[in-house]
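Trainee:
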Amino acid sequence: MKVGKYQIGRFHAIIRKEYADGSVDYETSFTDIEDFNESYYCILKCIGKDVGIATDNPKVLTYACVIRGKEEIEKELLHGNGKQLEYI
């Protein structure tokens, strides 16, 4: 499934990541529940830390949440509403 510029994997859930500078990005391509769970667990471990340190623009990750289901994913990615749909 493709939503805007994002390719969504076979497992229909995405992870919204928010940073101290106010920026947001998403993890979107998961093959199955195990792949998703591993990614989410690793992201949660990074909250409060600099991420992207191998880039020219490292940022502090401040928040992560899960958005599930085709309709909710489309709302988030196409309309950027920033609504917290599910906090785990």
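Take the position in the sequence shown, starting the count at 1, then add 143; the result is the number in our numbering. Even for Gly, the Cβ is constructed at its ideal location relative to N, Cα and C. Note that the coordinates shown come from a computational prediction; the quantities given were computed from them, not determined experimentally.
#1: Suppose the cutoff is 7 Å on Cβ atoms and the five residues either side in sequence are ignored; what does the same chain contact list for Leu187 look like?
#2: For the beta strand (DSSP E) that Ile157 lies in, which residues bound it at each end?
#3: Kindly indicate which three-state DSSP category Asp178 falls into: helix, strand or coil?
#4: Glu177 to Tyr184, Cα distance in whole Å?
#5: Starting from Ile210, trace the beta strand (DSSP E) in both directions and tell me its first and last residue.
Mentor: By the coordinates alone:
#1: Ala207
#2: 156-162
#3: helix
#4: 11 Å
#5: 202-211
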